[in-house]
Amino acid sequence: MKAVRYHQYGDSDVLRYEEVDRPTPGAGQVLVRVAGTAFNPADGAIRAGYLQDPFPLRFPHTPGYDMAGTVAETGPGVEGFRIGEPVVGFLPMNEHGAAAEFVLAPAEVLTAAPSGVDLADAAAIPSAALTAWQALFEHAKLQPGQRILINGAGGSVGGLAVQLAAQAGAVVIATASPRSIDKVRSYGADEVIDYTTTSVQDGQKPVDVILNLAPLDTAQQAALLDHVRPGGVLVTTVPPGPEDARAITMFVRNDVEQLATLVKKVDAGELRINVSERYPLADLAQVHELSDAGKLPGKVVLTPGS
Ligand SMILES: NC(=O)c1ccc[n+]([C@@H]2O[C@H](COP(=O)([O-])OP(=O)(O)OC[C@H]3O[C@@H](n4cnc5c(N)ncnc54)[C@H](OP(=O)(O)O)[C@@H]3O)[C@@H](O)[C@H]2O)c1
Numbered sequence: 120m121k122a123v124r125y126h127q128y129g130d131s132d133v134l135r136y137e138e139v140d141r142p143t144p145g146a147g148q149v150l151v152r153v154a155g156t157a158f159n160p161a162d163g164a165i166r167a168g169y170l171q172d173p174f175p176l177r178f179p180h181t182p183g184y185d186m187a188g189t190v191a192e193t194g195p196g197v198e199g200f201r202i203g204e205p206v207v208g209f210l211p212m213n214e215h216g217a218a219a220e221f222v223l224a225p226a227e228v229l230t231a232a233p234s235g236v237d238l239a240d241a242a243a244i245p246s247a248a249l250t251a252w253q254a255l256f257e258h259a260k261l262q263p264g265q266r267i268l269i270n271g272a273g274g275s276v277g278g279l280a281v282q283l284a285a286q287a288g289a290v291v292i293a294t295a296s297p298r299s300i301d302k303v304r305s306y307g308a309d310e311v312i313d314y315t316t317t318s319v320q321d322g323q324k325p326v327d328v329i330l331n332l333a334p335l336d337t338a339q340q341a342a343l344l345d346h347v348r349p350g351g352v353l354v355t356t357v358p359p360g361p362e363d364a365r366a367i368t369m370f371v372r373n374d375v376e377q378l379a380t381l382v383k384k385v386d387a388g389e390l391r392i393n394v395s396e397r398y399p400l401a402d403l404a405q406v407h408e409l410s411d412a413g414k415l416p417g418k419v420v421l422t423p424g425s
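For this note's numbering, add 119 to where a residue sits in the sequence shown, where the first one is 1.
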């Protein structure tokens with residue numbers, strides 16, 4: 120089968136599209152024929168070697184932890200899946216990923232894919248939706264009527280967080296650049312601040328919750344705390360966050376039941392995903408290069424065999 124792998128940490132040119140053996144599922148594993156894998160900013164950071172502590176790799180490594188596809192084969196002891204069934208999953212980040220025609224997944228990370236969106240695009244759901252959900256409801260403990268500022272709402276996690284926060288009855292203030300303003304508003308933001316012209320601090324009264332998804336350094340994130348009301352909280356997905364009792368730096372965890380709930384929301388039309396572009400899997404190095412240069416057009420899904 121074809122897969123993209125890298126044999127060492129480095130720039131995007133370490134990624135190679137090559138022929139590898141198709142894996143065989145062991146006990147508890149499912150072999151999935153990949154329909155799509157979504158690119159995430161962390162894929163670039165892992166490849167560059169910045170995340171070796173939390174996610175040590177064995178080389179050669181196939182990236183792509185967000186996956187959608189169909190069940191091709193099941194290993195010993197796996198029950199409850201039928202061949203051809205469409206599934207999505209958030210794969211373990213330091214195991215071989217879905218930038219390949221087939222991937223091995225632990226059965227317990229898979230759940231049914233949504234039926235209402237293209238299967239390849241469903242790869243954009245797992246880690247982004249879990250991050251948005253956990254940030255809002257596990258870490259910030261967002262309540263109806265609270266005011267939340269979502270900084271970096273124009274991205275993948277942000278778009279989902281805006282929708283979930285608005286549906287939870289929060290007042291949502293979002294930051295976005297011109298390319299994303301209409302989209303963020305359509306997701307239910309009550310107010311959108313163009314961060315390219317206006318500081319979030321300008322003219323805003325303090326909020327109960329700030330969710331930071333923007334690529335800010337620690338000092339810039341600490342400055343956001345001035346905008347949190349007493350008793351409020353800043354949740355950030357961008358480490359290192361501020362060392363402050365009001366600040367939580369979160370790391371997404373896999374929770375297949377939560378993922379199943381989020382998939383149902385997609386099918387019910389309550390949660391929209393926004394895939395900007397699809398690339399053939401063979402072009403993954405180009406996607407990493409665009410991301411490193413800050414030039415990705417938005418959420419990108421890679422599809423094998425295209
Ligand atoms: N800790 C975790 O577990 C975890 C999990 C998931 C993601 N993350 C991290 O969370 C961040 C967001 O993830 P993502 O997948 O949503 O990334 P993404 O799709 O690349 O979105 C990031 C967005 O940030 C916006 N942005 C850029 N500079 C900004 C600024 N100065 N102020 C406000 N907004 C700005 C851009 O929106 P516009 O289009 O409006 O310009 C961009 O689309 C990434 O750093 C990612 O690595 C961490």
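From the three backbone atoms N, C-alpha and C, an ideal C-beta is built for every residue, glycine too. Model, not experiment: these values are computed from the prediction.
Identity of the residue in the options nearest residue i by Cα
i, options, result
"V347", "D313, D411, L268, D237", "L268"
"V371", "Y398, A247, K384, L283", "A247"
"N331", "N373, E204, G274, D185", "G274"
"A284", "F200, G155, W252", "W252"
"V228", "P399, V206, N270, E396", "V206"
"T230", "K414, A187, E257, G196", "A187"
"R298", "L238, V190, G271, E408", "G271"
"R124", "H407, G360, K414, D411", "H407"
"G196", "D411, G183, Q148, Q127", "Q148"
"V291", "D185, P263, T315", "P263"
"W238", "V385, F178, Q405", "The amino acid at residue 238 is misidentified as Trp; the sequence shows Leu. Among V385, F178, Q405, the Cα nearest to that of L238 belongs to V385."
"V419", "V352, D240, P325", "D240"
"Y184", "G203, G168, A218, R166", "A218"
"H258", "I367, T317, P245, L249", "I367"
"G288", "A308, G278, D301", "A308"
"V190", "F158, A226, P160", "A226"
"Q340", "M120, V354, P349", "V354"
Assigned secondary structure, residue i (DSSP; H/G/I helix, E/B strand, else coil)
i, result
"V371", "coil"
"A67", "Residue 67 lies beyond the range of the chain shown here (120 to 425); nothing can be said about it."
"L150", "strand"
"V311", "strand"
"H180", "strand"
"E257", "helix"
"V228", "helix"
"G503", "Look at the range of the chain in this structure, 120 to 425, and you will see that residue 503 is not part of it."
"E408", "helix"
"E198", "coil"
"A364", "coil"
"A242", "helix"
"T355", "strand"
"R124", "strand"
"V382", "helix"
"E376", "helix"
"V281", "helix"
"D345", "helix"
"L403", "helix"
"G235", "coil"
"D327", "strand"
"G163", "helix"
Range covered by the beta strand (DSSP E) that runs through residue i
i, result
"K302", "No beta strand (DSSP E) contains K302, which is instead part of the alpha helix (DSSP H) from 297-305."
"D185", "185-193"
"G264", "Note, G264: premise wrong, no beta strand (DSSP E); not H, not E."
"P245", "First-last for P245: 245-252, but that is the alpha helix (DSSP H), not the beta strand (DSSP E)."
"G208", "205-209"
"L335", "Unbroken run through L335: none, as it is neither H nor E."
"P399", "396-399"
"T422", "419-422"
"R135", "135-138"
CB-CB length for residue i against residue j, believed under 8 Å
i, j, result
"L210", "L150", "About 13 Å; that fails the 8 Å criterion."
"R266", "D327", "5 Å"
"P144", "E220", "Their Cβ separation, rounded to whole angstroms, is 15 Å, which puts P144 and E220 out of contact at 8 Å."
"G216", "P182", "5 Å"
"L403", "L176", "Not confirmed; about 16 Å, so no contact."
"S410", "G163", "5 Å"
"D345", "Q320", "7 Å"
"T315", "S296", "5 Å"
Unbroken alpha helix (DSSP H) run spanning residue i, endpoints
i, result
"L170", "No alpha helix (DSSP H) holds L170; DSSP gives it neither H nor E."
Proximity test, residue i beta-carbon vs ligand 3 heavy atom, cut-off 7 Å
i, result
"V357", "Ligand 3 is not among the ligands present in this structure, which contains only ligand 1."
key: Quiz: which residues have CB nearer than 5 Å to ligand 1 non-hydrogen atoms   = P160, A161, T250, G271, G273, G274, S275, V276, T294, A295, S296, S299, Y314, L332, A333, T356, V357, F370, V371
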